[in-house]
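Below: one structure, written as structure tokens.
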Amino acid sequence: MSQIKVLKSRDIPGLAEYIASDKCKNIVLMLGAGVSTSAGIPDFRSPDTGLYANLARLRLPYPEAVFDIRFFRNNPEPFYTLAQELYPGRFRPTIAHSFVRLLAAHSLLHTCFTQNIDTLETIAGVPADKVIEAHGSFASQRCIDCHRPYDDDKMKVKILAMETPKCETCGGLVKPDIVFFGEDLPDEFIKAIPNVAKADLLIIMGTSLTVHPFAGLAERTGLKCPRVLINLEVVGSIGRRPNDIVLLGKCDDAVEKLCKELGWEEELNALWAKTAMEPAWKDAQEAEDEGAAKEAATTDDLVRVITDAIGRKLKLDEAAESKESAADEEETVALNEETNAVKAEESPAFKAASKEEPTATKEEESTAAHSSSSPPRKENAAPNEETDAVKAEEPPAAPAFRAASKAESTASKEEESTAAPSAASP
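Take the sequence shown: its letter number 358 is residue 358 in full-length UniProt numbering, and every next letter is one higher.
Right, here's the structure in full:
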């Protein structure tokens with residue numbers, strides 16, 4: 001293996017000497033969440049402090065559901081609650097981001113692959129054609145149904161208002177061009193994978209190298225290509241090759257030491273200072289709302305803010321569902337009562353009662369007619385006939401109705417016969 005060794009030493013001085021040599025012309029970088037944590041952006045996968053670990057206690061199918069396209073289609077609110085806290089404009093690029101820009105300024109940067117969706121590479125001034133966002137980013141957005149792009153300014157307004165944007169063409173959900181679980185990786189990433197083989201130096205910063213196919217990029221360099229890992233812990237296969245360098249610690253600290261060794265310290269600080277005056281970043285900071293995210297002084301605080309915000313949203317959704325369920329239950333009870341009433345009317349007991357009622361009425365009328373001191377007049381029969389007509393329109397059992405109608409008809413004729421002579425008397 002000694003014949004392919006290209007580094008004089010596997011440390012910062014040896015790395016700086018190699019970068020300054022004419023052997024190093026194309027540097028490829030792989031960036032993970034650890035590059036952005038010093039900006040205040042939480043990483044997702046840390047076992048105890050990561051965003052997923054905190055989301056695990058909420059009413060979600062599983063923590064990663066916030067970034068699952070199937071879950072998003074039915075319930076986009078949790079994602080947009082999170083998006084309000086992570087949306088570009090709240091965070092300043094880190095020293096490590098400015099280091100990437102510095103490599104570009106020295107014409108050494110070939111490709112910067114990033115897993116991050118925060119767009120801090122672009123905000124730091126890294127040329128867009130050098131950045132490959134393996135998992136997409138907040139930089140653009142489109143409808144998930146018709147794929148029509150959605151306006152940047154409108155998207156910002158919606159996200160800061162924690163509202164779900166809808167496509168103006170088809171009404172579908174609009175989503176940032178972030179790769180969700182269940183979606184394909186960007187074509188730009190797939191096409192750029194061969195670039196790793198062109199690297200004279202591979203620098204890996206702030207990633208666990210557990211998410212594929214991004215993690216597999218580290219295995220695509222030649223054996224002579226030095227691989228540098230700047231991370232809090234050893235990951236992947238880095239350190240096993242003779243030209244591997246492992247620098248354990250924070251990304252910003254390692255970058256500052258390397259630039260000091262290279263004589264680039266002033267350039268690095270100047271580039272990083274410039275990020276504080278970038279108009280886009282400054283304007284976004286001034287427009288930042290004074291909500292909970294502004295109170296987050298540390299990354300852990302922001303994780304708590306995000307988790308609590310999503311938790312509140314889920315509880316609101318649960319309350320709405322409970323209210324809707326209660327309304328449905330009340331409607332069901334009312335419907336059951338109405339159904340039972342109809343069934344009661346159709347029961348044999350109700351029909352029997354309906355059959356006896358006309359007979360009783362007939363007997364009452366007959367008794368009233370005989371007990372009257374004067375014979376009934378013709379005009380008094382009219383209301384009874386009108387009542388009979390109304391009854392004929394009601395839907396009692398058919399046989400009972402026919403029997404009652406026949407009896408009433410006979411009684412009416414007898415009354416008319418009795419009334420006629422009386423009317424003729426002086």
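Don't be surprised by glycine CBs; every beta carbon is placed ideally from N, CA and C.
Predicted, not measured: the structure shown is a model, and the values here were computed from it.
C-alpha gap between residue i and residue j, whole angstroms
| i | j | result |
| --- | --- | --- |
| Glu85 | Thr119 | 14 Å |
| Gly136 | Pro127 | 16 Å |
| residue 430 | Asp68 | Nothing can be reported for residue 430: it is not among the residues displayed for the chain, which extend from 1 to 426. |
| Ala124 | Ile95 | 9 Å |
| Asp177 | Arg240 | 36 Å |
| Gly263 | Gln141 | 41 Å |
| Val157 | Arg90 | 14 Å |
| Ala65 | Leu108 | 39 Å |
| Ala161 | Val211 | 32 Å |
| Asp22 | Pro61 | 53 Å |
| Arg10 | Ala276 | 34 Å |
| Arg148 | Met155 | 13 Å |
| Arg92 | Ser38 | 9 Å |
| Val35 | Ile132 | 15 Å |
| Asp187 | Leu258 | 34 Å |
| Cys225 | Phe189 | 21 Å |
| Thr221 | Ile238 | 12 Å |
| Thr81 | Gly40 | 17 Å |
| Cys170 | Tyr150 | 12 Å |
Simplified DSSP assignment, three categories, for residue i
| i | result |
| --- | --- |
| Ile19 | helix |
| Val234 | coil |
| His73 | Sequence inspection shows Arg at residue 73; the His mentioned does not correspond to that position. DSSP places Arg73 in helix when its eight states are reduced to three. |
| Ala124 | coil |
| Lys260 | helix |
| Glu163 | coil |
| Ala134 | coil |
| Ala139 | strand |
| Leu247 | strand |
| Ile41 | coil |
| Asp68 | strand |
| Val211 | coil |
| Leu271 | helix |
| Leu31 | strand |
| Lys175 | strand |
| Phe180 | coil |
| Pro149 | strand |
| Leu229 | strand |
| Asp11 | coil |
| Asp252 | helix |
| Ile117 | coil |
| Gly216 | helix |
Close Cβ partners of residue i (< 6 Å) along its chain, the five nearest in sequence each way excluded
| i | result |
| --- | --- |
| Ala139 | Thr119 |
| Ile159 | Ala83, Gln84 and Tyr87 |
| Gly32 | Gln115, Gly206 and Thr207 |
| Arg73 | none |
| Leu173 | Pro76 and Ile144 |
Sequence-distant residues of its chain with Cβ nearer than 7 Å to residue i (five each side left out)
| i | result |
| --- | --- |
| His110 | Asn26, Ile27, Val28, Asn195, Lys198 and Ala199 |
| Leu209 | Ala215, Ala218, Val235 and Gly236 |
| Gly14 | Leu7 and Lys8 |
| Ala254 | Ile230 and Leu247 |
| Phe71 | Pro61 and Ala65 |
When the options are compared against residue i, the one with the closest alpha-carbon
| i | options | result |
| --- | --- | --- |
| Glu266 | Phe99, Leu31 and Glu188 | Phe99 |
| Ile204 | Val211, Arg227 and Arg220 | Arg227 |
| Glu17 | Lys260, Ala134 and Phe180 | Lys260 |
| Cys146 | Gly249, Lys224 and Lys166 | Lys166 |
| Glu256 | Gly182, Leu268 and Leu247 | Leu268 |
| Glu121 | Ala134, Leu185 and Arg101 | Arg101 |
| Asp152 | Ile132, Cys170 and Lys175 | Lys175 |
| Ile12 | Gly182, Gly249 and Phe189 | Gly249 |
| Pro63 | Val246, Ala192, Phe181 and Leu271 | Phe181 |
| Cys24 | Cys251, Leu201 and Glu233 | Leu201 |
| Phe44 | Leu271, Ile117, His106 and Leu223 | Ile117 |
| Cys251 | Asn75, Gly171 and His97 | His97 |
| Leu271 | Thr81, His106, Met30 and Phe79 | His106 |
Cβ neighbours of residue i in the same chain (closer than 8 Å, five flanking residues each side left out)
| i | result |
| --- | --- |
| Lys130 | Ala104, Leu109, His110, Thr111 and Cys112 |
| Lys5 | Pro242 and Asn243 |
| Leu185 | Ala134, His135, Val179 and Pro213 |
| Ala192 | Thr111, Phe113 and Ile132 |
| Glu183 | Ile69 |
Closer than 8 Å to chain B by CB, residue i
| i | result |
| --- | --- |
| Leu7 | No chain B is part of this structure, which consists of one protein chain only. |
(request) Taking only runs that begin and end inside the region 183–208, name each unbroken alpha helix (DSSP H) of 4 or more residues, in chain order. (result) 187–192
(message) Extract the residue ranges of the beta strand (DSSP E) inside the region 87–115, only unbroken runs of 3 or more that lie entirely within it.
(response) 109–114
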